[in-house]
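The numbers in this note's numbering rise by one with no breaks, and the one at position 74 of the sequence shown is 108. Quick reminder that beta carbons are idealized off the backbone N, C-alpha and C, glycines included.
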Amino acid sequence: MRIAIAGATGTIGRHVHAVAAARGHDVVSISRAAGHDLTRDDLVEALTGVDGVIDVVSISTLSRGRATSFFETTSRRIQRDGTAAGVRHLVALSIVGIDGVDSGYYGAKLAHERQVTSGDLPFTLLRASQFHEFAEQTVSQGRLGPLAIVPRALLRPVAAREVAEHLVDLAEGAPRGRVDDLVGPRDERLIDMVRALLAHDGRSLPTWEVRLPGAMGAAMASGRLRGNTDARRGTLSYADWLRQRDSRA
Ligand SMILES: NC(=O)c1ccc[n+]([C@@H]2O[C@H](COP(=O)([O-])OP(=O)(O)OC[C@H]3O[C@@H](n4cnc5c(N)ncnc54)[C@H](OP(=O)(O)O)[C@@H]3O)[C@@H](O)[C@H]2O)c1
35 MRIAIAGATG TIGRHVHAVA AARGHDVVSI SRAAGHDLTR DDLVEALTGV DGVIDVVSIS
95 TLSRGRATSF FETTSRRIQR DGTAAGVRHL VALSIVGIDG VDSGYYGAKL AHERQVTSGD
155 LPFTLLRASQ FHEFAEQTVS QGRLGPLAIV PRALLRPVAA REVAEHLVDL AEGAPRGRVD
215 DLVGPRDERL IDMVRALLAH DGRSLPTWEV RLPGAMGAAM ASGRLRGNTD ARRGTLSYAD
275 WLRQRDSRA
């Protein structure tokens with residue numbers, strides 16, 4: 035198959051690209067680094083001959099307004115240019131447990147989901163929990179001087195690689211609408227994940243756990259982002275993922 039990956043250079047996009055290529059698919063990379071800006075470029079030519087698009091783009095912001103504008107614009111672009119190019123299937127990734135959390139980045143993901151489910155392209159929508167890699171994203175994005183600011187969060191994290199494998203499985207099949215959520219094997223506190231990561235890497239960075247304000251902060255702290263018991267379960271625990279990390283780099 036010819037599969038386009040929107041966000042192919044990102045945290046999960048890199049894994050999606052590697053999995054799809056390893057399975058022998060013809061992969062088209064969509065990202066600014068690959069020469070395609072989804073907020074403004076015409077993608078019809080890039081998507082011509084593509085069977086399915088896997089949408090894993092993202093923007094790094096907690097602003098609901100900025101993130102909503104980004105996801106609506108990029109998703110509309112994929113829908114419009116994908117339809118014009120003859121794409122038959124859109125596979126999009128969202129986040130477990132965000133129903134009713136209409137604030138911050140999660141509010142924007144709800145807008146993203148609405149865009150996907152109301153668009154012209156037949157779709158499959160997967161919600162996954164936070165990736166194991168979310169700990170590193172938190173450290174790199176949440177710095178206050180010499181401190182790492184860590185949102186209070188009870189999660190059920192999953193390896194991005196396992197999510198990527200599932201996304202490619204879904205892209206290989208027919209559009210299925212919303213499918214079962216995918217979460218990790220164990221509950222983890224984000225602060226513990228961050229501290230374990232820093233210790234594993236030998237980095238001495240002080241951490242400060244804070245409860246983020248608003249509905250988004252409440253959702254993170256309450257544990258609702260862990261999803262329901264009927265979700266699919268990934269198998270690789272955070273501790274095992276961390277141990278394997280050096281050989282994967
Ligand atoms: N991180 C998590 O724990 C997690 C958990 C569950 C679901 N998700 C969802 O998974 C998706 C991907 O998240 P991620 O953490 O992998 O994101 P990420 O690491 O920030 O990667 C974002 C990707 O989007 C691309 N991108 C950004 N702006 C673009 C633009 N204007 N045009 C084209 N490409 C653009 C980036 O490439 P360039 O910079 O080269 O453009 C990059 O490849 C998001 O929908 C997120 O909500 C994430």
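Under three-state DSSP, which class holds residue i?
i, result
"A119", "helix"
"G86", "strand"
"V62", "strand"
"L224", "helix"
"I132", "coil"
"E243", "strand"
"G211", "strand"
"R316", "The structure shown does not extend to residue 316, since the chain is modelled only from 35 to 283, so the question has no answer here."
"L124", "strand"
"L81", "helix"
"I112", "helix"
"V217", "strand"
"A67", "coil"
"V184", "strand"
"G193", "According to the sequence provided, residue 193 is Ala. The question's Gly does not apply to it. A193: coil per DSSP, three-state reduction."
"T158", "strand"
"R74", "coil"
"R266", "strand"
"R48", "helix"
"L276", "helix"
"R8", "With the chain covering only 35 through 283, there is no way to say anything about residue 8."
"A283", "Residue placement at A283 is poorly supported in this model, since its pLDDT is 47, which falls under 50; the coordinates still yield a value, given next. The answer is coil: DSSP assigns A283 none of H, G, I, E or B."
Excluding sequence positions up to five away, which residues of its chain have a Cβ less than 7 Å from the Cβ of residue i?
i, result
"P101", "Strictly speaking, residue 101 in this sequence is Ala, with Pro absent from that position. Correct list, in chain order: I93, T95, Y139 and A142."
"A55", "V61"
"L144", "I132 and D136"
"Q171", "T45"
"H70", "I64, L77 and A80"
"A119", "V78, L81, T82 and V84"
"R258", "G131"
"L276", "A230, L231 and H234"
"V53", "A198, E199 and V202"
Report all residues from its chain with a CB closer than 8 Å to the CB of residue i; omit the five preceding and five following residues, and keep chain order.
i, result
"P240", "P180, L181 and A182"
"A68", "A42 and T43"
"S109", "D89, A126, H146, Q149, V150 and G153"
"R260", "V130, G131, S163, L188, L189, R190, V217 and D221"
"G176", "A182, I183, V184 and P185"
What do you get for residue i, buried or exposed, if any count of 16 or more other CB atoms within 10 angstroms of its CB means buried?
i, result
"P191", "buried"
"T158", "buried"
"R111", "buried"
"Q113", "buried"
"S163", "buried"
"S251", "Note that residue 251 corresponds to Gly in the displayed sequence, not to Ser. Its Cβ being crowded by 16 or more others within 10 Å, G251 is buried."
"D235", "exposed"
"R98", "buried"
Measure the beta-carbon distance from residue i to residue j and round it to whole angstroms, keeping in mind my assumption that it falls under 8 Å.
i, j, result
"A169", "M227", "4 Å"
"L224", "P185", "6 Å"
"V202", "L155", "Contact flag wrong, Cβ pair sits at about 18 Å."
"H49", "A194", "5 Å"
Note down, in chain order, each residue of its chain lying with its Cβ closer than 6 Å to the Cβ of residue i, except the 5 sequence neighbours on either side.
i, result
"G47", "I39, G41 and V90"
"A205", "I37, G86, I88 and V125"
"P247", "none"
"L160", "L127 and V213"
"P209", "H123, P156, F157 and T158"
"F165", "A194"
Residue list, Cβ distance to ligand 1 heavy atoms smaller than 5 Å: With the cut-off at 5 Å, the residues found are G41, T43, G44, T45, I46, G47, S65, R66, A67, D71, L72, T73, V90, V91, S92, L127, I129, A162, Q164, F165 and F168.
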